[in-house]
Amino acid sequence: MKKFNFKKVLDGLTSSSAPPAKPETEITETLGSEHFQVSKTVRHGFPYQPTAMAYDPVQHILAIGCKSGSIRLFGRPGVDCHVMHDNDAAVLQLIFLVNEGALVSVCSDDSLHLWNLRQKRPAILHSLKYNRERITYCHLPFQSKWLYIGTERGNVHIANIESFVLSGYVINWNKAIELSQRTHPGPVVSLSDNPTDSTKLLIGFETGMIVQWDLKTKTAECRYACEQQTLHSLAWHHEGKQFMCSHSDGSLSVWNYRSPSKPAQVFQPHGHPAQKGSKPEACRPIMKVAWPTSRTGDPFIVFSDGLPYERSGRRPCITVMQGKSVTVLEMEYPVVNFLPVSSTPWPNDFQDPYAIIVLLENDLVVIDLTTPGYPCFQNPYPMDLHESPVTCCTYYADCPPEMIPAFYTVGSRQQKKTGFSDKNWPVKGGEWGTSTCSYPEIIITGHADGSLKFWDASAVTLQLLYKLRTSKIFEKQPLNQSTEYEEDPFAIVKIAMCCESRILCVAGTSGHVIVYRYNKVETTVDVPTLEIALVYEVDDLDSPDTDQIPPPMPPPSSSVGSAGSGGMPSPSPHHSTSSEGAEKVGSPLLKVKSGPQKMVPGYQVDLCAQLVTVEGEPPSQILCLAINSLYGLMAFGNMQGLAIVDIIQKTTLLNLGTPDLYGSADPYTRTQPRSPQRKKPPAGLGDLGEAQAVEQLQSPQRRKPLKALSKLGESEIGEQERCRSPTTERDESNGVCLSPTGTTRKKLADIKRNRNQPRPRMSKAHSTASMEGNGGDADSKDGSFSRSRSSSMSSLENVSAEGINCLSFTESYTRKTDPVTSPCLWVGTTLGSVLVIVLNLPPQGDQRLTQPVIVSPSGTILRLKGAILAMSFLDCNGMTIPPLFAKWEDPKKKEENREAKDGQSMQRRGWQQLQHLHRQKAPSSPTTETISDRQFVVICSEKQAKVISLPSQTCAYKLNITETSFVCKADVVSIANSVCLACFLANGHIMTFSLPSLRPLLDSDFLPLADMRIAQTFSFSNCGQALYLCTPSEIQRITLAADTCESLQEMLCELFLPVDTPEGPKQSFFKGLFSSPSIVDKEELFGEAASGKASRSVAKHIPGTGGIEGVKAEAGSAMAEVQKARMALVERGEKLSELEERTEALKVGSEMYASSAHQVMEKYKNKKWYQL
């Protein structure tokens, strides 16, 4: 028999009496799973950690391989393609099949891959995995189908490039060296065939041994010994009579092809000539050398490094030598590889190089060899994305179309770098896609040096529009006295922009928030500043295990008395405590420049708000930022509290610690003493009445700064003056700064006051800082008991801090009884609470400039599991309610048209005043009629999502998104003329849910969260677009929309275009007759008939898996269509044959009928009628 449980009965009665509320009218949801498909679109930026490079001189395509196994392919500006190997093996070497639309990649896992570049998404056709030997170097002669593969053991294998099958022809190291040599020559570091005789293969070993191998006779024709100097590279002269070597001692050696005994020349380009009896100057290794020739002058000698060791501080360099001219080109980063660019792919012709492509560790440089001084080409690719490390990203898809021209206009006026070549960019291959997006897209990147870059990201391109430096308004830090708290004091952490009004809000790592306004003309202004102190001590919190909504706060009308009598104790008349509280608040980490500052066209500073240090501790990092151009308000929050700033009047409206936002309805236990005691509850925002806020806002002394107050005596500061503030005043019972990680810093342990000593209170000032008073011991003796700690308080799992994690300005219902919407700010915390703050705005116009904004509590508290990540509002039709905004207007046109629009402005102001009065006169108490729900608020946290009906504040839909992971980013985005909730989880899943029903639409295991960089920079946008910083120097864009995936094939660029191969050099008849070697068919040398099959244990052939199935499927479908057409044609032919036979039969029958008729006519034509 089951045991009777009275609690379950009560729970059942509770659930039956209050069922989950559903919307009165069902909203038709148009989105389905068929509208979603996750796909990577394009990658922008500089390839991270490059390791290899190749160039196709006919197709003019550049390929760069990376340590992570990715390959980037570049053509003309706008032609950019990214492919990735199946594993993360580094790319060691890249080789183009010149003008054939194919690429060979050599990876560190001893595998080779053949890529097909004739399709918009290149795919691997064949792979070859070595089992026993390690690949060190590969060489593919021009217009050859046989690939030479050098190994670490010193052997050379040969593979057919078409089938990726190894030949039985192998050059073993013991056959290449002399029989008398007893040491191993080392790994193969270079392979190159003679430009004039393809049957001669030059093999370079690491120890300095060079072998000229005759492929026909299978013998070593010549051997060259480089005096035990380590060999790094080889380069042929185009005539095939000489070759050049680079060595580890910084020397170059030139060898005659027919004279293997000694080099024709040995020299150190950067070393001083050795004097008698002294050793030559030690130089760095020359890692690579190139020897391109010119028709009009001496050949070029190009090499990397080789500088003397003694010259300390010298940067990496590329040296260009031509005749007696020596030019050293210093580079900012180490050189990875370089390639001379010529117009001919034939190695036996004059190369006439016109450029050098230099791949650096963090940059790509192309040098112009045709202009004196060898200037660089201006790089048209967005490779300066990581010029300063990217710290945050913001993505705006489907933004106003006039924004891109506006940013481009001011960006083009900025000072450009000079000294570049005026020639066209030499990498000019490929073709743009045939289709583009119908909406503009803008990406804003914030950087560690405090700069912001605005990018045009429309379609699949990325172009820099405008660059903004936020550090210009601050004084420079001394080199020996930079900020002790942050390595990058100007780093951008949050970006918020109103696209319609073009107001930009930027938060930095030093606790500063800058508001910018767009202006097309130059101005000179003083930068207005605000200093704000967000102070609250970290306490142990008891968080409710459930997500039930706590008891509502008392309405503001009932809280006035408590706030006035007991909630806000009078300050104590002790001057010592006042000075102690003043010393507690410090100064900002950065100092704004004083005096007028010149503002160039573009974004100009309108306000700078700075958090100040408290007790020597820096402010915690800003976690969220929001701005509303119509309200003229800006809000930001961190782990300590919330601040609301009026950007029109340049004043602070609210400055509260997070716990004080709850007031008496705080669901957490925050008292510090372990034993219960009589203690007056803090007078927070929840205990403040609107009437009191109005009274305080009307104080004429509200703008008195803290610095002035700290120097005054008690006789000059009375009780009434201390309480004047724009919003509220609270008892700062916990006044210790909170660290960004949510734990109290160690430095605070020495400066905490005794628990029984009085603490100064922080009043929320309508000025540049918070005003401070102090409370006496009598405050703790009155009031009610504080909450006793639960039995689980001893567990460290419940110890946490609560910060502000999400903010949203909107026009919504703030209370259950509101009949109309009103301006408000929704606040989401890191512990899953959502609070609503009412904003009472004065009418627009002159009154907005003079009358204060009233901030008051609403009493609304909602709770979810996990930190709040996103909040969005839907109308009764399920569509997103866009935030209200003020349209941007050109100041010049605005001044010219002010008189013409005077009447319209008066009408608009009158309507706004009428609407304002209507809001004020709206009843605040519930009426007899039931108010129907007319809005939904979508709230998403790290664990769950809720759709709450407004104004009833009932949960219409609820969903637990994940139990084993957590949501990193969430947003409500538009897609396919509807909206959905998009989430990116820490386990790599991307999920979307319909609104408002929260029905799952997509769950794709897209990308594991291997780096916190992805979570910090992941950004959703409209039209199903998203991006994240995949590497420190690259941005990856993705799409969730199926229609975008379908049109993506047309948007992507073409890498291969049919181009005729340039003709080879022409030789005279006699020169070709007497000196040209005989042409040998390599198939006869390396084919299976001549050399047999290679051992299966050497390497394994792997068919392509990265898209070959799709190619086969397309080919199969095409063949199927051809087969159907053929069958139809056969059937049609058969029917035509039948028709022809029947026509022939009819013809024969008609002829027989005509003959018979003719015979009958001849028989009876001469007879009379009576003879018939």
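Counting in UniProt numbering, the final residue of the sequence shown is number 1172, and the numbers go up one at a time with none missing.
All C-beta atoms, glycine included, are put in the ideal place defined by N, C-alpha and C.
Treat the numbers as computed from the prediction; the structure is a model and nothing was measured.
Any idea which residues DSSP pairs Q597 with across the strands?
As a first step, residue 597 must be located in the sequence shown, where it is residue number 597. Q597 is bridged to V525.
Sort L831, L191 and P1032 by Cα distance to A801 and report the nearest one.
Here the question's residue 801 lines up with position 801 in the sequence shown. Nearest to A801 by alpha-carbon distance, out of L831, L191 and P1032, is L831.
Take the Cβ of S941 as the centre, count every other Cβ of all protein chains shown within 10 Å, and call the residue buried at 16 or more, exposed below.
Reading the sequence shown from its first residue, position 941 is the one you call residue 941. When all chains shown are included, S941 counts as buried.
On a CA-only basis, which of Y333, A609, N424 and P405 is nearest P375? Give me that one, please.
Looking up residue 375 in the sequence shown gives position 375. Comparing Cα-Cα distances from P375 to each of Y333, A609, N424 and P405, the minimum goes to N424.
What does the alpha-carbon distance come out to for the pair V365 and T964?
Position 365 of the sequence shown, counted from the first residue, corresponds to residue 365. Position 964 of the sequence shown, counted from the first residue, corresponds to residue 964. When rounded, the distance between both Cα atoms is 47 Å.
Just to confirm, is the Cβ distance from L807 to C624 under 7 Å?
On the sequence shown, residue 807 is found 807 positions in, with the first residue counted as 1. On the sequence shown, residue 624 is found 624 positions in, with the first residue counted as 1. Between L807 and C624, the C-beta spacing is below 7 Å.
How many angstroms separate the CA atom of N194 from the CA atom of L464?
Counting from 1 along the sequence shown, the entry for residue 194 is found at position 194. Counting from 1 along the sequence shown, the entry for residue 464 is found at position 464. Here the C-alpha atom of N194 lies approximately 46 Å from the C-alpha atom of L464.
Looking at C-alpha atoms only, which residue of E615, V605, S587 and T829 is the closest neighbour of Y662?
Mapped onto the sequence shown, residue 662 falls at position 662. T829 is the residue among E615, V605, S587 and T829 whose C-alpha sits nearest the C-alpha of Y662.
In whole angstroms, what separates the C-alpha of I301 from that of I124?
By one-based count along the sequence shown, residue 301 stands at place 301. By one-based count along the sequence shown, residue 124 stands at place 124. In this structure, the alpha-carbon of I301 lies about 36 Å from that of I124.
Would you check if there are 3 or more beta carbon pairs closer than 8 Å linking the segment 622–637 to the segment 506–515?
Yes, the segment 622–637 touches the segment 506–515.
From the DSSP output, in three-state form, read off D1005 for me.
If you number the sequence shown from 1, residue 1005 lands on position 1005. Correct three-state label for D1005: strand.
Check whether the Cβ atoms of Y466 and V525 lie closer than 7 Å to each other.
Position 466 of the sequence shown, counted from the start, is the residue given in the question as residue 466. Position 525 of the sequence shown, counted from the start, is the residue given in the question as residue 525. For the pair Y466 and V525, the CB atoms are not nearer than the 7 Å cut-off.
Which value, in whole angstroms, describes the spacing of the CA atoms of A1160 and E1151?
Within the sequence shown, the letter at position 1160 stands for residue 1160. Within the sequence shown, the letter at position 1151 stands for residue 1151. Going by the sequence as given, residue 1160 is Val instead of Ala. Going from the Cα of V1160 to the Cα of E1151 covers about 14 Å.
Could you check the C-alpha separation between W291 and D56 for me, to the nearest Å?
Taking the first residue of the sequence shown as position 1, residue 291 is located at position 291. Taking the first residue of the sequence shown as position 1, residue 56 is located at position 56. For W291 and D56, the gap between their C-alpha atoms comes out near 18 Å.
T810, buried or exposed, once every other Cβ within 10 Å from all chains shown has been counted against 16:
Taking the sequence shown and counting its residues from 1, the one referred to as residue 810 is at position 810. Result: buried.
By the three-class DSSP mapping on this structure, what secondary structure does N638 have?
Locating residue 638 in the sequence shown gives position 638, counting from the first residue. In the structure shown, N638 adopts coil according to DSSP, grouped into three states.
Spatial neighbours of L140 in its chain, beta-carbon cut-off 6 Å, leaving aside the 5 residues before and after:
As a first step, residue 140 is located in the sequence shown; it is residue number 140 there, counting from the start. Cβ neighbours of L140 beyond the five flanking positions: I95 and L147.
Beta-carbon within less than 6 Å of D818's beta-carbon, same chain only, minus the 5 sequence neighbours each way: which residues are those?
Within the sequence shown, the letter at position 818 stands for residue 818. Correct list, in chain order: P951.
Cut-off 7 Å between Cβ atoms - residues of its own chain near F350, not counting five sequence neighbours on either side:
Here residue 350 refers to the residue found at position 350 of the sequence shown. Correct list, in chain order: H238, T293, S294 and R295.
Between the alpha carbons of D646 and E889, how many angstroms are there, rounded?
Start at 1 with the first residue of the sequence shown, and residue 646 comes out as number 646. Start at 1 with the first residue of the sequence shown, and residue 889 comes out as number 889. Computed Cα separation, rounded: 20 Å.
Could you tell me the distance, in whole angstroms, from the CA atom of L201 to the CA atom of L191?
Position 201 of the sequence shown, counted from the first residue, corresponds to residue 201. Position 191 of the sequence shown, counted from the first residue, corresponds to residue 191. The straight-line gap from Cα to Cα measures roughly 7 Å.
For Y518, count the other beta carbons within 10 Å of its own beta carbon; 16 or more makes it buried, fewer makes it exposed. Which is it?
Counting from one through the sequence shown, the residue named residue 518 turns up at place 518. The C-beta of Y518 has 16 or more other C-beta atoms within 10 Å across all chains shown, which makes the residue buried.
Own chain partners of Y813 with C-beta closer than 7 Å, once the 5 adjacent residues on each side are dropped
Taking the sequence shown and counting its residues from 1, one reaches residue 813 at position 813. The residues are T821, Q935, L950 and P951.
How should Y169 be labelled, buried or exposed, when 16 other C-beta atoms within 10 angstroms of its C-beta is the threshold for buried?
Mapped onto the sequence shown, residue 169 falls at position 169. For Y169, the number of other beta carbons within 10 angstroms of its own is at least 16, and it is reported as buried.
Sorted by chain position, which residues of the same chain lie with C-beta nearer than 6 Å to D110's C-beta, five sequence neighbours on each side aside?
Taking the first residue of the sequence shown as 1, we reach residue 110 at position 110. So the qualifying residues of the chain are Y130, R134 and I135.
For the beta strand (DSSP E) that V302 lies in, which residues bound it at each end?
As a first step, residue 302 must be located in the sequence shown, where it is residue number 302. Annotation for V302: the continuous beta strand (DSSP E) segment containing it runs F300 to D305.
Environment of M1012 [buried if 16+ CB atoms lie within 10 Å]
For the purposes of this step, residue 1012 is taken as the residue at position 1012 of the sequence shown. Its Cβ having fewer than 16 others within 10 Å, M1012 is exposed.
Excluding the five sequence neighbours on either side, which residues of its own chain have a C-beta within less than 6 Å of the C-beta of H44, listed in chain order?
Counting from 1 along the sequence shown, the entry for residue 44 is found at position 44. Spatial neighbours of H44 in its own chain (CB-CB distance under 6 Å, excluding positions within 5 residues in sequence) are listed in chain order as P382, L462 and I1035.
What is the C-beta distance between S501 and H447, in whole angstroms, given that I count them as a contact (C-beta under 8 Å)?
Indexing the sequence shown from 1 puts residue 501 at position 501. Indexing the sequence shown from 1 puts residue 447 at position 447. 24 Å between Cβ atoms; not a contact.
Taking the straight line between their C-alpha atoms, what separation do you get for Q1067 and I210?
Counted from its first residue, the sequence shown places residue 1067 at position 1067. Counted from its first residue, the sequence shown places residue 210 at position 210. Straight-line measurement puts the Cα of I210 at about 30 Å from the Cα of Q1067.
Output the distance between the C-alpha atoms of W455 and Y396, rounded to the nearest integer angstrom.
Numbered from 1 along the sequence shown, position 455 holds the residue referred to as residue 455. Numbered from 1 along the sequence shown, position 396 holds the residue referred to as residue 396. One C-alpha to the other measures close to 10 Å.
Within a Cβ cutoff of 7 Å, which residues of the same chain sit near P263, ignoring the five residues on either side of it in sequence?
Reading the sequence shown from its first residue, position 263 is the one you call residue 263. For P263, where only same-chain residues beyond five positions count, the Cβ hits under 7 Å are S253, V254 and W255.
Just checking: is the beta-carbon of L1048 within a distance shorter than 7 Å of some beta-carbon in chain C?
Checking the listed chains, one finds no chain C in this structure; it contains a single protein chain.
For G419, is the classification buried or exposed, using 16 other Cβ atoms within 10 angstroms of its Cβ as the cut-off for buried?
Within the sequence shown, residue 419 is the residue found at index 419, counting from 1. Exposed, by the Cβ-count rule.
Neighbour-count burial assignment, P372, 16 or more Cβ in a 10 Å radius
Along the sequence shown, read from residue 1 onward, the residue named residue 372 stands at position 372. Exposed is the call here.
Counting along the chain, where does the beta strand (DSSP E) carrying Y957 start and finish?
In the sequence shown, residue 957 corresponds to position 957, counting from 1. Counting along the chain, the beta strand (DSSP E) containing Y957 begins and ends at T954 to N960.
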